[in-house]
Amino acid sequence: MDSPPPARARISIIGAGPGGLTCARILRRHGIAATVYDRDTDADSRNQGGSLDLHEDDGQLALREAGLLEEFFALARCEGQETRRLDRAGRLLAHHLPDEGATDSPEIDRGQLRDLLLRSLAGGTVRWGRALVSVSGPADGPRTLTFTDGTTVETDLVIGADGAFSRVRAAVSPATPRYTGVGFLEAWFDDIERAHPEVSALVGNGSLHAADGERGLFAQRNSGGHLRVYFMRRVPVDWADATGLRLEDTGGVRAQLLGEYAHWSPRLLRLITDNDGAYVDRPLFALPAPHTWRHSPGVTLLGDAAHLMPPLGVGVNLAMLDACELALALAHSPTIDDAVQRYETSMIPRSGHFAQLLEGGAEHLLSVPGFDDVQRSGPAQR
Ligand SMILES: Cc1cc2nc3c(=O)[nH]c(=O)nc-3n(C[C@H](O)[C@H](O)[C@H](O)COP(=O)(O)OP(=O)(O)OC[C@H]3O[C@@H](n4cnc5c(N)ncnc54)[C@H](O)[C@@H]3O)c2cc1C
Numbered sequence: 001m002d003s004p005p006p007a008r009a010r011i012s013i014i015g016a017g018p019g020g021l022t023c024a025r026i027l028r029r030h031g032i033a034a035t036v037y038d039r040d041t042d043a044d045s046r047n048q049g050g051s052l053d054l055h056e057d058d059g060q061l062a063l064r065e066a067g068l069l070e071e072f073f074a075l076a077r078c079e080g081q082e083t084r085r086l087d088r089a090g091r092l093l094a095h096h097l098p099d100e101g102a103t104d105s106p107e108i109d110r111g112q113l114r115d116l117l118l119r120s121l122a123g124g125t126v127r128w129g130r131a132l133v134s135v136s137g138p139a140d141g142p143r144t145l146t147f148t149d150g151t152t153v154e155t156d157l158v159i160g161a162d163g164a165f166s167r168v169r170a171a172v173s174p175a176t177p178r179y180t181g182v183g184f185l186e187a188w189f190d191d192i193e194r195a196h197p198e199v200s201a202l203v204g205n206g207s208l209h210a211a212d213g214e215r216g217l218f219a220q221r222n223s224g225g226h227l228r229v230y231f232m233r234r235v236p237v238d239w240a241d242a243t244g245l246r247l248e249d250t251g252g253v254r255a256q257l258l259g260e261y262a263h264w265s266p267r268l269l270r271l272i273t274d275n276d277g278a279y280v281d282r283p284l285f286a287l288p289a290p291h292t293w294r295h296s297p298g299v300t301l302l303g304d305a306a307h308l309m310p311p312l313g314v315g316v317n318l319a320m321l322d323a324c325e326l327a328l329a330l331a332h333s334p335t336i337d338d339a340v341q342r343y344e345t346s347m348i349p350r351s352g353h354f355a356q357l358l359e360g361g362a363e364h365l366l367s368v369p370g371f372d373d374v375q376r377s378g379p380a381q382r
């Protein structure tokens, strides 16, 4: 089958995360329609998680192409660029205060970013409650999407923006994510200024990282007086079942954490003892690095679906940059196949480079910086 011109092609994006929505938005600005399918039942059906820092040369660049940079800055927290790094005794090892007017990596809540992108799309662009099962059909297209509700859709281009456990990925590659050996356990605090003033003072306006080589924690402010903390631990993927704990058992999980962090300063332990609500388990997975595949007409990947890495502050930025480059390639190429080839030629080596740099990086989150590291890195790194 001849590859159709993008403006006349049926384009399906699987996943309404930051990558998929950015792609749909930039396509729309160039007069190209796409349909986004997401397994969530609606935009608010799931807690979107914590705060993200968007960098000037990738996440912000994509928002500029999307025509949303000004709206982003109306929501973003520039003061959230403050970072603190402590040892387990609570001693400050590094402290970065952003310069007045610095905009290199302001923070935004994941939910706010999703809403901003959703508002910028035409009504009906996103089809909620559509969980993809598989992509089938001949290599030269068209492809058939099959969803869990039994429905099918025929499409000229399927863009896999469906995250870590992508169902689209199998259409181009046999790679699957592997557990890194490090798990995040997420907890949060509400009404931080009034209900948790000591925790608020400890973390400051941005984020705090502390580690002792075996375990660590990463606390970050979110908007609306909320704060999230991730306890970062070297644990088996099924640690909760293995210890007979249920995550809803807040007291039991807290006691487990207090045992593991027994040698930490009481000031830092307030992050374990004072949190509100239940815990969320977030085991970290990564794709083998570099993840590459042979070009296949009519199917491509972006973001975590293409290059899942440990969360060291680049994932969402790369997802949005991928989305931007793919949308622009579609806007400026004669056929979808030309556009996808052009996009993959640049995206695959770039993401492979980052994935190799960050391979094993989950362990880095648990490491204590030596004096030299602190000197070299300056501000606490995420
Ligand atoms: C704890 C944690 C903290 C992080 N912090 C940062 C950070 O500070 N900075 C940073 O840059 N990155 C961070 N990351 C990484 C970042 O979250 C990801 O890289 C980014 O969200 C990838 O965007 P995406 O659009 O590719 O995928 P996702 O955000 O995962 O979106 C995928 C979408 O696809 C949908 N979906 C999934 N499967 C299907 C299916 N079968 N059918 C239909 N829809 C489907 C999902 O519902 C979702 O909406 C963090 C990750 C974790 C786990």
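In case it helps, the UniProt record's numbering puts the sequence shown at residues 1 to 382.
Positions of the beta carbon are idealized from the N, C-alpha and C atoms, including for glycine.
Problem set entry | Bridge partner(s) assigned by DSSP for Tyr-343 | In the DSSP output, where bridge partners are listed per residue, Tyr-343 has none listed.
For this session: Apply the 10 Å Cβ neighbour rule to Ser-136 and answer buried if 16 or more other Cβ atoms are within range, or exposed otherwise.
Result: Ser-136 should be labelled exposed.
Exercise. Looking at Gly-163 and Ala-305, is the spacing between their C-beta atoms short of 8 Å?
Worked result: For Ala-305 and Gly-163, yes; Cβs fall inside 8 Å.
Exercise. In its own chain, which residues sit with a C-beta less than 7 Å from the C-beta of Ser-105, not counting the 5 before and 5 after it?
Worked result: Answer for Ser-105: Asp-53, Leu-54, His-55 and Gln-81, listed in chain order.
Exercise. What first and last residue would you give for the alpha helix (DSSP H) that runs through Gln-220?
Worked result: Unbroken run through Gln-220 is the beta strand (DSSP E), 215-221; no alpha helix (DSSP H).
For this session: Please say whether Gly-59 and Arg-29 have beta carbons closer to each other than 8 Å?
Result: For Arg-29 and Gly-59, no; Cβs fall outside 8 Å.
For this session: For residue 404, name the three-state secondary structure that DSSP assigns.
Result: The chain is shown only over 1 to 382; residue 404 falls outside these bounds and no answer can be derived.
Problem set entry | Where the beta strand (DSSP E) through Gly-361 begins and ends | Counting along the chain, Gly-361 falls outside any beta strand (DSSP E), though it belongs to the alpha helix (DSSP H) covering 361-364.
For this session: Could you tell me if Pro-266 is buried or exposed, where buried requires 16 or more neighbouring beta carbons within 10 angstroms of its beta carbon?
Result: Classified as exposed, Pro-266 has fewer than 16 neighbouring CB atoms from the shown chains inside 10 Å of its CB.
Exercise. So is the beta-carbon of Leu-121 under 7 Å away from any non-hydrogen atom of ligand 1?
Worked result: No.
Exercise. Across which residues does DSSP place Tyr-261 in a beta bridge pair?
Worked result: Per DSSP, none; premise fails for Tyr-261.
Problem set entry | Residue from Arg-46, Cys-324 and Ala-355 with nearest C-alpha to Cys-23 | Distance check between Cys-23 and each of Arg-46, Cys-324 and Ala-355 places Cys-324 closest, using alpha-carbon atoms only.
Problem set entry | Span separating the alpha-carbon of Gln-356 from that of Ala-289 | The C-alpha of Ala-289 is placed about 5 Å away from the C-alpha of Gln-356.
Exercise. How is Ser-296 classed by DSSP in three states: helix, strand or coil?
Worked result: Of the three classes helix, strand and coil, the one that applies to Ser-296 here is strand, per DSSP.
Problem set entry | 6 Å CB neighbourhood of Tyr-230 in its chain, flanking five on each side removed | By the criterion of a C-beta distance shorter than 6 Å, Tyr-230 is surrounded in its chain by Phe-184, Glu-186 and Phe-218, once the five residues flanking it on both sides are discounted.
Exercise. DSSP state of Ile-272, grouped into three classes?
Worked result: Note: Ile-272 maps to helix in three-state DSSP.
Exercise. Given that a residue counts as buried once 16 or more other Cβ atoms are within 10 Å of its Cβ, and exposed if not, what is Asn-47?
Worked result: It counts as exposed.
Exercise. Name the DSSP bridge partner or partners of Asp-109?
Worked result: For Asp-109, which the question treats as bridged, DSSP gives the partners Ser-51.
Problem set entry | Contacting residues, own chain, Cβ-Cβ under 8 Å from His-248 (five flanking each side not counted) | The question names His, but residue 248 is Glu in the sequence shown. The answer, listed in chain order, is Ala-278.
Exercise. What is the DSSP secondary structure of Pro-197, counted as helix, strand or coil?
Worked result: Reduced to three states, the DSSP call for Pro-197 is helix.
Problem set entry | Reference His-307; option with closest CA among Pro-297, Ile-336, Ile-192 and Glu-344 | Comparing C-alpha distances from His-307 to each of Pro-297, Ile-336, Ile-192 and Glu-344 shows the shortest one belongs to Glu-344.
For this session: Using three-state DSSP, classify His-226 as helix, strand or coil.
Result: It is coil, neither helix nor strand.
For this session: Measure from the C-beta of Phe-72 to each C-beta in chain B and report whether the shortest distance is under 8 Å.
Result: The structure shown has no chain B; it contains just one protein chain.
Exercise. Can you tell me whether Arg-178 is buried or exposed, with buried defined as 16 or more other CB within 10 angstroms of its CB?
Worked result: Exposed, because fewer than 16 other Cβ atoms sit within 10 Å of the Cβ of Arg-178.
Exercise. Leaving out five residues before and five after Asp-57 in sequence, what residues of the same chain have Cβ atoms less than 7 Å from its Cβ?
Worked result: Within the same chain, no residue comes within 7 Å of Asp-57 by CB-CB distance, once the 5 residues on both sides are set aside.
Problem set entry | Limits of the beta strand (DSSP E) - the one that Ala-186 falls within | Position check: residue 186 holds Glu in this sequence, whereas Ala was assumed. Counting along the chain, the beta strand (DSSP E) containing Glu-186 begins and ends at 178-189.
Problem set entry | Assigned secondary structure, Phe-371 (DSSP; H/G/I helix, E/B strand, else coil) | Because Phe-371 carries a pLDDT of 35, less than 50, the predicted location of this residue cannot be relied on, and no value is offered for it.
Exercise. Where does His-196 land, buried or exposed, given buried means 16+ other C-beta within 10 angstroms?
Worked result: A residue is called buried once 16 or more other Cβ atoms fall within 10 Å of its Cβ, and His-196 is buried on that count.
Exercise. Using the C-alpha atoms, what's the distance from Ala-211 back to Leu-365?
Worked result: Here the alpha carbon of Leu-365 sits roughly 7 Å from the alpha carbon of Ala-211.
Exercise. Can you give the Cα-Cα distance for Ile-14 and Leu-132, rounded to whole angstroms?
Worked result: When rounded, the distance between both Cα atoms is 7 Å.
Problem set entry | Counted within 10 angstroms of its Cβ, other Cβ atoms place Gly-50 as buried (16 or more) or exposed | With 16 or more other Cβ atoms within 10 Å, it is buried.
Exercise. In the structure shown, what three-state DSSP assignment does Asp-212 receive?
Worked result: Coil, per DSSP.
Exercise. Over what stretch of residues does the alpha helix (DSSP H) that includes Glu-325 continue unbroken?
Worked result: According to the DSSP assignment, Glu-325 belongs to the alpha helix (DSSP H) that extends over 315-331.
Exercise. Just the Cα atoms here: how many angstroms apart are His-209 and Thr-273?
Worked result: A direct Cα-Cα distance of roughly 17 Å separates His-209 from Thr-273.
Exercise. Fully enclosed by the region 13-38, which beta strand (DSSP E) runs are 3 residues long or longer?
Worked result: DSSP runs (the beta strand (DSSP E)) wholly in the region 13-38: 35-37.
Problem set entry | Three-way DSSP call (helix, strand, coil) for His-96 in this model | Looking at His-96 - three-state DSSP - the assignment turns out to be strand.
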